[in-house]
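A short worksheet on the structure shown next.
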Amino acid sequence: MNMTTTAPGAHDELQRGLSNRHLQLIAIGGAIGTGLFLGSGKVISLTGPSVLFIYAVIGCMMFLLMRALGELLLSNLNYKTFGDIAKDLIGPWAGYFVSWTYWVTWVVICVADIIAITSYVSYINASIPNWVPAAITVAVLTILNLQPVRFFGEFEFWFSLIKIVAILALIATGVVLLVMGFENPDTGTRAELSHLWDHGGMFPFGASGFLLGFQLGIFSFIGVELVGTAAAETKDPHRNLPRAINSIVVRVLIFYIGALTVIMAITPWDKLDPDQSPFVTTFAYAGFGAAAFAINIVVLTSAASSANSGFYSGTRMMHSLARDGHAPQGFALTDSRGVPRKAVFFSTVFVSSSVPILLLGDSVIEAFTFVTSVASTFILFTWSMIAISFIQYMRKHPERHRTSAFRTPFARIVPWIVLAFFAFILVTLFLADDTRLPLMFTPLWFIALAVMWQATKRKLIRDGRPLTAAVDLPDVGAH
Numbered sequence: 001m002n003m004t005t006t007a008p009g010a011h012d013e014l015q016r017g018l019s020n021r022h023l024q025l026i027a028i029g030g031a032i033g034t035g036l037f038l039g040s041g042k043v044i045s046l047t048g049p050s051v052l053f054i055y056a057v058i059g060c061m062m063f064l065l066m067r068a069l070g071e072l073l074l075s076n077l078n079y080k081t082f083g084d085i086a087k088d089l090i091g092p093w094a095g096y097f098v099s100w101t102y103w104v105t106w107v108v109i110c111v112a113d114i115i116a117i118t119s120y121v122s123y124i125n126a127s128i129p130n131w132v133p134a135a136i137t138v139a140v141l142t143i144l145n146l147q148p149v150r151f152f153g154e155f156e157f158w159f160s161l162i163k164i165v166a167i168l169a170l171i172a173t174g175v176v177l178l179v180m181g182f183e184n185p186d187t188g189t190r191a192e193l194s195h196l197w198d199h200g201g202m203f204p205f206g207a208s209g210f211l212l213g214f215q216l217g218i219f220s221f222i223g224v225e226l227v228g229t230a231a232a233e234t235k236d237p238h239r240n241l242p243r244a245i246n247s248i249v250v251r252v253l254i255f256y257i258g259a260l261t262v263i264m265a266i267t268p269w270d271k272l273d274p275d276q277s278p279f280v281t282t283f284a285y286a287g288f289g290a291a292a293f294a295i296n297i298v299v300l301t302s303a304a305s306s307a308n309s310g311f312y313s314g315t316r317m318m319h320s321l322a323r324d325g326h327a328p329q330g331f332a333l334t335d336s337r338g339v340p341r342k343a344v345f346f347s348t349v350f351v352s353s354s355v356p357i358l359l360l361g362d363s364v365i366e367a368f369t370f371v372t373s374v375a376s377t378f379i380l381f382t383w384s385m386i387a388i389s390f391i392q393y394m395r396k397h398p399e400r401h402r403t404s405a406f407r408t409p410f411a412r413i414v415p416w417i418v419l420a421f422f423a424f425i426l427v428t429l430f431l432a433d434d435t436r437l438p439l440m441f442t443p444l445w446f447i448a449l450a451v452m453w454q455a456t457k458r459k460l461i462r463d464g465r466p467l468t469a470a471v472d473l474p475d476v477g478a479h
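Numbering-wise (UniProt numbering), the sequence shown opens with residue 1 and increments by one.
What follows is the structure in structure tokens.
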């Protein structure tokens, strides 16, 4: 089946306008969330030094999942999104569920990032009304995403670079303080690596504290799958995608484990203020008076980067839905530069909800925090469907796996290990008080999707459109 339906005189093809450097930095930016800058103090206070093992385990699991995703994407260059993969390998309903769930996840996270940006701007200048930076951010996101995809890549390149420089600067500063034997003015302790095990051991809260820490750490990795979304618009994906995916483990080791090791070596973990960014305090100890302001700028750009990535992913997923008849056909059309303009404007409408939310007050923001917690659990569904798709791929297309230049290691057991890990994460989410209620509301979304799918399926049948899930392989020349 040809998966495209093009209106006369219109386009419905995305363009491969992302270079290797764009894809590399998008992958890095996706793996470094604002949680590292803002939330790491809280994670450390609740888990102690065992947070290093938590991030190491999660990083390894995400690497295995991304290897499977990379092999899937390269097995058929007509796969443009996770929805295409699920549709082809599991069934049309799976593509529908994955695409809509991923779209709503990123739209909500995008709104959350915009609200976060307003708080950072308020820190810099409290006299600016909250709705002003929100409205400006929505306008900038819309304008950026109406440009050819290389503009998105350029924006992400530089904003990801800012995050990387900030983390490397922290690690370098921490190493200098360690070598100098720096004495912490607040705690009276010297900077030493032994702080990692001298304050209650590596697992101060025992097995329960360690295991519950995973539900805090997992969401720092939301966005690591963006490398898969961007692959559809990447030049030479057979060369560039493996390079981006294979570097994920190194990034996790350097950016997460390296940074947190340095932080806890300078200040014992039980002396850190969970309400303060440990990045700010570490730079402040080094004598950088403008540390709070500088990190605030870094976190602002990190949130802007995340919002832009979410907006980009949402529009591409909407484009894919429309191509399959799972959303209004107009969203499938692209302009002469390969930009799905109608999908961009549709996402703008929903992202603009951040402005009235900010005008309505704190109680609504608290409710919105609840909604974002629900949306965060949706990402586990998307990741799980990638693993299930790989299981189906191994069953249906063993010859593609045998001839793949980017074969997943231990391919028969990797998806099952990843799925078991995600099931464990769901259990920890259910056990934690602040995430239990949002988790219990997520079935409502899938019930609504099931109803919508039945209506969509009837319309497709009525219009004479086939429901077959197959996504054709590209012509040989496309490789």
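We put the CB at the ideal spot given by N, CA and C, even for glycine.
These numbers come from a predicted model, not from an experiment.
Three or more Cβ pairs drawn from the segment 62 to 69 and the segment 375 to 391 lie within less than 8 Å of each other, which places the two stretches in contact. When rounded, the separation of the alpha-carbon atoms in L178 and G258 is 13 Å. Exclusion of the five residues before and after P328 leaves A322 as the residues of its chain whose Cβ lies within less than 7 Å of its Cβ.
If you draw a 10 Å sphere on the C-beta of V427, you find fewer than 16 other C-beta atoms in it, and that means exposed.
The C-beta distance from T382 to F82 rounds to 6 Å, short enough to fall under 8 Å. For M202, no alpha helix (DSSP H) segment is defined, and its DSSP state is neither H nor E. Note on P415: 16 or more other CB atoms within 10 angstroms of its CB, so buried under the neighbour-count rule.
With three or more CB-CB distances shorter than 8 Å, the segment 49 to 62 counts as touching the segment 203 to 220. The C-beta of Q215 has 16 or more other C-beta atoms within 10 Å across all chains shown, which makes the residue buried.
Just measuring C-alpha positions, the residue of L429, P409 and L449 sitting nearest F390 is P409.
Take the alpha-carbon of V140 and the one of T403: they are about 44 Å apart. Note that the C-beta distance between I266 and F182 is below 8 Å. DSSP places R412 in the coil class of the three-state scheme, outside both helix and strand. Residue V224 holds the alpha-carbon nearest to the alpha-carbon of C60 among L161, V224, F210 and K80. By the CB criterion at 8 Å, A303 and I117 fall inside the cutoff. Judged by beta-carbon spacing, F97 lies beyond the 8 Å limit of I167, meaning their Cβ atoms are not closer than that value. From the listed residues I162, V111, G41 and A207, the smallest Cα separation to V298 is found for I162. Under the three-state reduction of DSSP output, T118 falls in the helix class. Under the Cβ criterion (8 Å, minimum of three pairs), the segment 443 to 457 does not count as touching the segment 73 to 90. In the three-state DSSP reduction, E225 falls in the coil class, being neither helix nor strand.
The segment 305 to 319 and the segment 276 to 291 do not touch, with fewer than three beta-carbon pairs separated by less than 8 Å. If you look at V57, you'll find it in the alpha helix (DSSP H) that goes V51 to S75. A check of alpha carbon separations from V132 across I143, I114, L144 and V149 identifies I114 as the nearest. About 34 Å separates the beta carbon of H397 from that of S160, a gap too long to meet the 8 Å contact definition. In this structure, A343 is the residue among P438, A343, S376 and G95 with its C-alpha nearest to the C-alpha of I143. Taking 8 Å as the cut-off, the Cβ atoms of S353 and T315 do not count as close. Boundaries of the alpha helix (DSSP H) harbouring Y285: P278 to Y285, taken from the DSSP string.
Sorting I417, N246, F283 and L196 by C-alpha distance to the C-alpha of F53 places L196 at the top.
The three-state secondary structure of R190, taken from DSSP, is strand.
In the structure shown, the three-state DSSP call for T105 is helix.
By the neighbour-count definition (other C-beta atoms within 10 Å, threshold 16), K459 is an exposed residue. Just so you know, the alpha carbons of V349 and F378 end up roughly 21 Å apart. Under the three-state reduction of DSSP output, T301 falls in the helix class. Here W158 is exposed. Its C-beta has fewer than 16 other C-beta atoms within 10 Å. The residue among E156, R400, R465 and Y55 with its C-alpha nearest the C-alpha of V249 is Y55. Between the C-alpha atoms of G174 and T282 there is a straight-line separation of about 7 Å.
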